[in-house]
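Trainee:
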Amino acid sequence: MFRMLVTIIFPAFNEEKRLKNCLEKTQAYLNTQGFSYEVIVINDGSHDATGQILADFQKRFHLKIINCEKNLGKGAAIKTGVMAARGDFILFSDVDLSVPIETLTKFLEKVKGGFDVVIGSRRVKGVKILTHQSDAREFMGHAFTKISNLVLGTSFADFTCGFKLFNKKAAKKIFALQRIDGWAFDAEVLFLARKLGFKVSQMGIVWSDVKDSKVHFPQDAITSLLGLLEIRLSAWRGYYFLDTNKQDQERGKTYSRKPSKIL
1 MFRMLVTIIF PAFNEEKRLK NCLEKTQAYL NTQGFSYEVI VINDGSHDAT GQILADFQKR
61 FHLKIINCEK NLGKGAAIKT GVMAARGDFI LFSDVDLSVP IETLTKFLEK VKGGFDVVIG
121 SRRVKGVKIL THQSDAREFM GHAFTKISNL VLGTSFADFT CGFKLFNKKA AKKIFALQRI
181 DGWAFDAEVL FLARKLGFKV SQMGIVWSDV KDSKVHFPQD AITSLLGLLE IRLSAWRGYY
241 FLDTNKQDQE RGKTYSRKPS KIL
């Protein structure tokens with residue numbers, strides 16, 4: 001009898017304040033589920049106690065840790081996790097759990113029902129915002145969505161919600177082509193999902209703003225806009241059809257994608 005394997009990926013850069021809570025809630029949820037799972041945490045060059053917290057937690061929780069020697073960026077960290085994942089379904093989520101991990105249950109129902117990609121959205125029917133972002137961040141989020149759709153020729157309501165689920169085929173194909181290391185990677189992932197013909201569902205989620213955001217204005221906003229232009233340029237130049245090894249060579253990637261320790 002088939003028993004599905006679900007991979008959950010958390011990128012972590014200097015997350016000593018939130019990581020323990022994240023892993024404890026994830027463990028409690030997974031202990032109530034009937035599927036097999038693997039949890040992968042990408043320690044993205046952290047220089048606080050993130051690494052020690054992971055090592056301690058690994059003693060009592062089935063956890064795969066991938067340590068990066070330097071900070072690669074959220075896009076690169078998640079790509080590293082996806083390419084190492086073994087799951088039939090692959091989720092990535094932010095450590096702050098602004099979207100409760102229990103949301104995975106209804107997302108799995110969607111992918112098992114025929115969707116290749118299911119993304120959390122704060123701007124579609126069914127959403128419930130418990131704690132709003134600042135006016136400035138909400139404005140920037142709306143502006144980025146409008147600009148992204150205009151530049152990329154897409155029609156998504158929310159690019160940057162950090163809770164996205166893929167079936168294995170979609171995840172491996174999309175992230176093998178993904179090139180953006182920074183914050184614009186979400187837009188690139190959804191652009192590629194559409195370009196490759198995958199079926200995408202946008203689902204309203206319960207969402208709470210969590211303080212101590214890793215996003216910094218205005219520099220990250222500028223970087224994200226430049227990232228959109230890079231996506232269009234990469235598509236125009238045909239880079240998304242290059243052999244992935246050549247992509248990494250072209251970009252000068254030298255970091256290892258192998259986990260430092262596996263339980």
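Under the UniProt record's numbering, the first residue of the sequence shown is numbered 1, with each subsequent residue one higher. The C-beta atom is built at its ideal place from N, Cα and C for all residues, glycine as well. On a predicted model such as this, the values are computed, not experimentally measured, just so you know.
(1) With C-beta atoms as the reference, is Asp158 less than 9 Å away from Gln202?
(2) Of the residues Glu16, Asn21, Ile9, which one's Cα is nearest the Cα of Tyr37?
(3) DSSP on Gly141, reduced to helix/strand/coil?
(4) Just how far apart, CA to CA, sit Leu104 and Lys211?
(5) Excluding the five sequence neighbours on either side, which residues of its own chain have a C-beta within less than 7 Å of the C-beta of residue 264, listed in chain order?
(6) Which of helix, strand or coil does DSSP assign to Leu190?
(7) Which word fits Ala171, buried or exposed, when buried means at least 16 other C-beta atoms lie within 10 angstroms of its C-beta?
(8) Alpha carbon to alpha carbon, what distance is there between Lys128 and Pro11?
(9) If you draw a straight line from the C-alpha of Met4 to the C-alpha of Phe61, how long is it?
(10) The beta strand (DSSP E) that contains Cys161, what's its start and end?
(11) Could you give the distance in angstroms between the alpha-carbon of Leu152 and the alpha-carbon of Arg237?
(12) Ile42 to Val206, Cα distance in whole Å?
(13) By Cβ distance below 6 Å, which residues in the same chain neighbour Cys22 in space, the five residues on each side in sequence not counted?
(14) Pair every Cβ in the stretch 220 to 229 with every Cβ in the stretch 139 to 150, then say whether three or more of these pairs are closer than 8 Å.
(15) Report, in whole angstroms, the separation of the C-beta atoms of Gly120 and Cys161, which I expect to be a contact under 8 Å.
(16) Tyr37 lies in the beta strand (DSSP E); which residues open and close that run?
(17) What's the gap between the Cα of Lys195 and the Cα of Val118?
(18) Assign Ser155 to buried or exposed, taking buried as 16 or more other Cβ atoms, counted over all protein chains shown, within 10 Å of its Cβ.
(19) Give the single residue among Phe241, Gly81, Gln58 whose Cα lies nearest to the Cα of Asp44.
(20) Given a cut-off of 9 Å, decide if Asp209 and His142 are closer than it, judged by their beta-carbon atoms.
(21) Could you compute how far the alpha carbon of Lys173 sits from the alpha carbon of Asp116?
(22) To the nearest angstrom, report how far apart Gly73 and Thr32 are at their CA atoms.
(23) Do you know how far the Cα of Val99 is from the Cα of Ile180?
(24) Flag this pair as yes or no: are the beta carbons of Gly75 and Gln178 separated by less than 9 Å?
(25) Below 7 Å CB to CB, which residues in the same chain sit around Ser234 once its five sequence neighbours on both sides are set aside?
Mentor: On the basis of the supplied data:
(1) Taking the sequence shown and counting its residues from 1, one reaches residue 158 at position 158. Taking the sequence shown and counting its residues from 1, one reaches residue 202 at position 202. Closer than 9 Å, so yes.
(2) Your numbering for residue 37 matches position 37 in the sequence shown. Closest by alpha carbon: Ile9.
(3) Taking the sequence shown and counting its residues from 1, one reaches residue 141 at position 141. Here DSSP, grouped into helix, strand and coil, assigns Gly141 to helix.
(4) In the sequence shown, residue 104 corresponds to position 104, counting from 1. In the sequence shown, residue 211 corresponds to position 211, counting from 1. Leu104 and Lys211: Cα-Cα distance of roughly 23 Å.
(5) Because the chain spans 1 through 263 in this model, residue 264 falls outside it and cannot be assessed.
(6) For the purposes of this step, residue 190 is taken as residue 190 along the sequence shown, with counting starting at 1. DSSP places Leu190 in helix when its eight states are reduced to three.
(7) For the purposes of this step, residue 171 is identified with residue 171 of the sequence shown, where counting begins at 1. Buried is the call here.
(8) One-based indexing of the sequence shown puts residue 11 at position 11. One-based indexing of the sequence shown puts residue 128 at position 128. In a straight line, the C-alpha of Pro11 is about 25 Å away from that of Lys128.
(9) Here the question's residue 4 lines up with position 4 in the sequence shown. Here the question's residue 61 lines up with position 61 in the sequence shown. A direct Cα-Cα distance of roughly 19 Å separates Met4 from Phe61.
(10) Stepping through the sequence shown from its first residue, residue 161 is reached at position 161. Annotation for Cys161: no beta strand (DSSP E) segment contains it, and DSSP assigns it neither H nor E.
(11) Working through the sequence shown from its first residue, we reach residue 152 at position 152. Working through the sequence shown from its first residue, we reach residue 237 at position 237. When rounded, the separation of the alpha-carbon atoms in Leu152 and Arg237 is 15 Å.
(12) As a working note, residue 42 is residue 42 in the sequence shown. As a working note, residue 206 is residue 206 in the sequence shown. A direct Cα-to-Cα measurement between Ile42 and Val206 gives close to 25 Å.
(13) Within the sequence shown, residue 22 is the residue found at index 22, counting from 1. These residues qualify, in order along the chain: Val95, Leu97.
(14) Counting C-beta pairs with one atom in each stretch, the stretch 220 to 229 and the stretch 139 to 150 have three or more that are closer than 8 Å, which means they touch.
(15) In the sequence shown, residue 120 corresponds to position 120, counting from 1. In the sequence shown, residue 161 corresponds to position 161, counting from 1. 4 Å between Cβ atoms; contact.
(16) Numbered from its first residue, the sequence shown carries residue 37 at position 37. Tyr37 -> beta strand (DSSP E) spans 36 to 44.
(17) Position 195 of the sequence shown, counted from the first residue, corresponds to residue 195. Position 118 of the sequence shown, counted from the first residue, corresponds to residue 118. Lys195 and Val118 have their C-alpha atoms some 16 Å from each other.
(18) Position 155 of the sequence shown holds residue 155. Label assigned to Ser155: exposed.
(19) Residue mapping note: residue 44 aligns to position 44 of the sequence shown, counting from 1. Minimum Cα-Cα distance from Asp44 among the listed residues Phe241, Gly81, Gln58 corresponds to Gly81.
(20) As a working note, residue 142 is residue 142 in the sequence shown. As a working note, residue 209 is residue 209 in the sequence shown. No. Outside cutoff.
(21) Along the sequence shown, one-based indexing puts residue 173 at 173. Along the sequence shown, one-based indexing puts residue 116 at 116. Their Cα atoms are separated by approximately 11 Å.
(22) The residue labelled residue 73 in the question sits at position 73 within the sequence shown. The residue labelled residue 32 in the question sits at position 32 within the sequence shown. Between Gly73 and Thr32, the C-alpha separation is close to 32 Å.
(23) Position 180 of the sequence shown, counting from 1, holds the residue named residue 180. Position 99 of the sequence shown, counting from 1, holds the residue named residue 99. Roughly 23 Å between the two C-alpha positions.
(24) Here the question's residue 75 lines up with position 75 in the sequence shown. Here the question's residue 178 lines up with position 178 in the sequence shown. Contact: yes.
(25) Stepping through the sequence shown from its first residue, residue 234 is reached at position 234. Contacts found: Arg179, Tyr240.
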